[in-house]
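K.L.:
As you go down the protein sequences, you meet chains L and A in turn. Just add 685 to the spot in the first sequence (first one is 1) and you have my numbering. Just add 685 to the spot in the second sequence (first one is 1) and you have my numbering. For each residue, glycine too, the CB sits at the ideal point set by N, CA and C. Quantities reported herein were computed from a predicted structural model and do not represent experimental measurements.
There are 2 protein chains.
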Amino acid sequence: MRINEKPAILTGKPMFNETLPVVQPPIKPHIENILADCRRILESGMITNFEYVRKLEKAAAEYIGVKRCLATANCTSALMLALKALKIKDGEVLIPSFTFPATAHAIYWTDLRIRLVDCDPKEFNMDINDLQEKITDNAKVIMPVHVFGNPCAIEEITEVAEDNSLKVVYDSAHGFGAKYRGKQIGQFGDAEVFSGSPTKAFTTVEGGIVSTNDSEIARSVDIGRNYGHSGNYNCETPGLSARMSELHAAVGLNQLPHVDSDVKKRNKIATLYKHRLEELPGLKFQEINRDCVSTYKDFSILVDKNEFGLNRDELATALEKENIMTRKYFYPPLNMQDCYPELRAEESAYPNTSKIANNILCLPMFSELTGIQAKGITEAVKGIHEYAREINATLHGKR
Amino acid sequence: MRINEKPAILTGKPMFNETLPVVQPPIKPHIENILADCRRILESGMITNFEYVRKLEKAAAEYIGVKRCLATANCTSALMLALKALKIKDGEVLIPSFTFPATAHAIYWTDLRIRLVDCDPKEFNMDINDLQEKITDNAKVIMPVHVFGNPCAIEEITEVAEDNSLKVVYDSAHGFGAKYRGKQIGQFGDAEVFSGSPTKAFTTVEGGIVSTNDSEIARSVDIGRNYGHSGNYNCETPGLSARMSELHAAVGLNQLPHVDSDVKKRNKIATLYKHRLEELPGLKFQEINRDCVSTYKDFSILVDKNEFGLNRDELATALEKENIMTRKYFYPPLNMQDCYPELRAEESAYPNTSKIANNILCLPMFSELTGIQAKGITEAVKGIHEYAREINATLHGKR
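(1) Can you check DSSP and say which residues form a bridge with C1047/A?
(2) Put K864/A into one of helix, strand or coil per three-state DSSP.
(3) Relative to the alpha-carbon of K752/L, which residue among R904/L, T843/L, K1006/L has its alpha-carbon at the smallest distance?
(4) I792/A lies in the alpha helix (DSSP H); which residues open and close that run?
(5) Does the CB of D796/L have a neighbour CB from chain A at under 8 Å?
(6) Excluding the five sequence neighbours on either side, which residues of its own chain have a C-beta within less than 6 Å of the C-beta of K852/L, listed in chain order?
(7) N974/A CB to nearest chain L CB: under 8 Å?
(8) Contact between the region 1026–1034 of chain L and the region 707–720 of chain L: three or more CB pairs below 8 Å?
(9) For K743/A, which residues of its own chain have a beta-carbon under 8 Å away from its beta-carbon, when the five flanking residues on both sides are left out?
(10) Going by C-alpha to C-alpha distance, which of T1063/A, D822/A, G750/A sits closest to K959/A?
(11) Going straight from the alpha carbon of E818/L to that of V832/L, what length do you get?
(12) Would you say A1001/L and Y981/L are within 8 Å of each other, going by their C-beta atoms?
(13) Along the alpha helix (DSSP H) that carries A838/L, what are the first and last residues, could you check?
(14) Quick one: any contact between the region 838–858 of chain L and the region 798–815 of chain L, if contact means 3 or more CB pairs under 8 Å?
(15) With 16 as the cutoff for other CB atoms within 10 Å, does T696/L come out buried or exposed?
(16) When the distance is taken between beta carbons, is P923/L closer than 8 Å to A789/A?
(17) Can you have a look at K885/L and say buried or exposed, based on whether 16 or more other CB atoms are within 10 angstroms of its CB?
(18) Determine the extent of the beta strand (DSSP E) in which G893/L is found, giving its start and end residues.
(19) What residues from the region 924–951 of chain A come within 9 Å of chain L, judged by C-beta to C-beta, listed N to C?
(20) Measuring CB to CB, does A1065/A end up less than 8 Å from L1004/A?
(21) Assuming S882/A and N759/A are in contact, meaning their beta carbons sit under 8 Å apart, how far apart are those beta carbons, in whole angstroms?
(22) Tell me where the alpha helix (DSSP H) around L720/L begins and ends.
(23) Is T956/L helix, strand or coil by DSSP?
(24) Taking only beta-carbon atoms, is V890/L less than 8 Å away from chain A?
(25) For chain L, is any of its Cβ atoms less than 8 Å away from the one on D1023/A?
(26) Who are the neighbours of I712/A on chain L, taking C-beta pairs under 9 Å?
(27) How close, in whole Å, do the beta carbons of H860/L and D945/L come, if the pair is a contact with beta carbons under 8 Å?
(28) Candidates P706/A, N702/A, R725/A: which alpha carbon is nearest L932/A's?
(29) Measure the alpha-carbon distance for K1067/A versus L962/A and round it to whole angstroms.
(30) Whose CA, out of L1048/A, F809/A, S896/A, K1040/A, lies closest to the CA of V707/A?
(31) Short of 6 Å in beta carbon distance, which residues of its chain neighbour S1039/L, apart from the five on each side in sequence? Order them along the chain.
(32) Select from N991/A, N1008/A, R1012/A the residue whose C-alpha is nearest the C-alpha of D998/A.
(33) Please classify G916/L: is it buried, with 16 or more other beta-carbons within 10 angstroms of its beta-carbon, or exposed?
(34) With a threshold of 16 other CB atoms inside 10 Å of the CB of S850/L, please say whether the residue is buried or exposed.
(35) Quick check on the DSSP output: the alpha helix (DSSP H) that includes E901/A runs from which residue to which?
(36) I want to see whether chain A comes within less than 8 Å of Q709/L, judged by CB atoms only; does it?
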């Protein structure tokens, strides 16, 4: 680790000799077991939506404590099928403005419409007051997001939904392994929809999982992922091709028993980050919902230039020179995405979302990140802060 | 092989001791190479939409003789993205009534509408005369299907499209490896869309490939499969999550050099089937388009009960007792699917489709099917024909 030296952006030696990625799939310890399963699958000739997928669904349902889990090709398809399973022909789905675009895209491909809700400035999840204000007669579904794996205010959302007779489907893309007051995320709403893409704390290479206690929704997703028929090729509903492959299920199955310990490791890293960075001025952290466990799918910091000396983009540039990858995430938020001109609004319409999206930076976070690496990252941030004035001059050509 | 014995349905010994599947993915000879690649992929940590996918796209484009190939999670997503890439807001897509439901489903999820065209009674592909009759001012796209891998009447379709200023996207789900008058299928129309699901002559476990010479369409599909952004997370268009995983790409890459020899093997089996079955009354075969090579994704027979003595369903039941799996495919056709009441029509509205769909049966067809097995299947069909009267009595309780 570099000591008493200038940041790399000021010609110092980089903190890391090799590039430290911002995420890494949590599969390395399980490669031999995964490959043994891949051999069995390929030799059997049954390579998609078969025994390994069934085993994964059963194991995931037991882990979550829910009646059914349905594995799909990816999370967006799963969200589309979960929304379709509600059998609502027309109306609005309320989603946070601070989320990944896929939350909105899933609605775009259905007959439903998108309505944005601002986020809470501390927990980054859907703001309950703004949610209540955005509900009109057109509202049909609330689709909250457990942002970065931080469980939503589920009790409050449930109450709002009940008061207004709305369905609730959680976009739990980041949430596999999170806990809400002792209960596993995945048990709530009409359904929850997880992502298994490689950036997640639990991965199936590509994939999605719908968890639900509603047997009608389960059946609809089950047939919907296979074109909409139940085996006789006469489709009850126009479905998708969204089966999970057996190879992908094997990757998930081998990792599933280790999700809790992986989430623990991530929380340890988050604690280390916060402990070592909180002494710096101008950095804030996402607050985790009371009595909840986040997956820390991402560890993010909010950067206030006035106090820290550099803004989010400048810090990211300086960290890149240290061979530390970061991610501006979610940026731009949904109200600023080019593909949704109809959702475009002044930043003041979504004040919390704007403040977070403009200042957020995600630091490296994966279950195999070591304490030494995490400390190195915090040292790099500290060094960059110390030299903020000089870095500003270098970046902006003022000498 | 069984000689001089009654069919199994009449208490004879089954033709095969073990169940002969109707399809089998063409991967067995390549398992060791696939597993070696899987190890490299898992160890690298780059497990989706990366180097193996790029290699597969490059190799597929070279094989087909087209500028760009884009690999996706599956064929339905690829069709959705290819249709979206045409940037047509509203209008009809003309598709054959005799096709797999996914052809229609891909349209259902977009803003476009489905219009059905009857098929040719001999080649089973879209009928050119009916196509011309179905074109109105609402028509925007023709989406023909190379049914069972038999190339469409491409010149005629191209002419109709040009005369009416229509776009053409081929649903080439069955067509990877087929040839149209010396040219590889995949070069035609605005784009062609292949399936890599396990039932195909070329498989990527799950997957789709869009082939096109149009750089705008290529770019649209490229970003569309990754949420609609080109790397900066600001989406130009609401996309899907439809990346192909590296593991799936490795399966395809290892099989690609063997597609031509696999297609040859399948054509040999088809010739054997036809040669040995044509002496039986009441069986007809799909005619392959002149100077074309079919993939024989499926080998189908049309069963005329009046001449053969049993209908399609009865023959299927009798073959199952011989441990020979078959498939009624495509049945029901699109005009009879429960999920499309608005497309429902009397059978007489699609006379050729109805006749084929009601009488078609696909026999086992995969690249590792041996000549001895294929002969056994034809012997079983012959035996069943010989005992047709007795089987009828057994099935329908008339003694």
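P.N.:
On the basis of the supplied data:
(1) Paired residue(s): S985/A, R1012/A.
(2) Strand, per DSSP.
(3) The option with the nearest alpha carbon to K752/L is R904/L.
(4) That run of the alpha helix (DSSP H) goes 786–793.
(5) Not one chain A Cβ lies under 8 Å of D796/L.
(6) Cβ within range, chain order: L771, V826, D875.
(7) Not an interface residue.
(8) At 8 Å Cβ cutoff, the stretches do not touch.
(9) The beta carbon of K743/A lies closer than 8 Å to those of C754 in the same chain, with the five residues before and after it left out.
(10) Closest by alpha carbon: T1063/A.
(11) Take the alpha-carbon of E818/L and the one of V832/L: they are about 21 Å apart.
(12) It is not a contact, given that the beta carbons lie outside the stated cut-off.
(13) Where A838/L is concerned, there is no enclosing alpha helix (DSSP H), given that its DSSP letter is neither H nor E.
(14) Output reads yes: the region 798–815 of chain L touches the region 838–858 of chain L.
(15) T696/L should be labelled exposed.
(16) Yes. Within cutoff.
(17) Buried is the call here.
(18) Here the beta strand (DSSP E) through G893/L covers 893–897.
(19) From the region 924–951 of chain A, only G924, L925, S926, A927, R928, M929, S930, E931, L932, H933, V936 have a Cβ closer than 9 Å to chain L.
(20) The answer is yes: Cβ separation under 8 Å.
(21) About 7 Å; that satisfies the 8 Å criterion.
(22) Note, L720/L: alpha helix (DSSP H), 716–729.
(23) T956/L: helix per DSSP, three-state reduction.
(24) Taking Cβ atoms only, chain A reaches closer than 8 Å to V890/L, which makes this a yes.
(25) Answer yes: the Cβ-Cβ gap between D1023/A and chain L drops below 8 Å somewhere.
(26) The answer, in chain order, is L727, G730, I732.
(27) The sequence given here places Gly at residue 860/L; His does not occur at that position. G860/L to D945/L, Cβ: 14 Å. No contact.
(28) For L932/A, the closest alpha carbon among the candidates P706/A, N702/A, R725/A is that of R725/A.
(29) Put simply, the backbone Cα of K1067/A is about 8 Å away from that of L962/A.
(30) Ranking the options by Cα distance to V707/A, first place goes to L1048/A.
(31) Closer than 6 Å at the Cβ level, and outside the excluded window around S1039/L, lie E1032.
(32) D998/A has its Cα closest to that of R1012/A, out of N991/A, N1008/A, R1012/A.
(33) The residue is exposed, with fewer than 16 neighbouring Cβ atoms inside 10 Å.
(34) Exposed, since its Cβ has fewer than 16 Cβ neighbours within 10 Å.
(35) 900–909 is the span of the alpha helix (DSSP H), which, as asked, contains E901/A.
(36) Judged by the 8 Å Cβ criterion, Q709/L is in contact with chain A.
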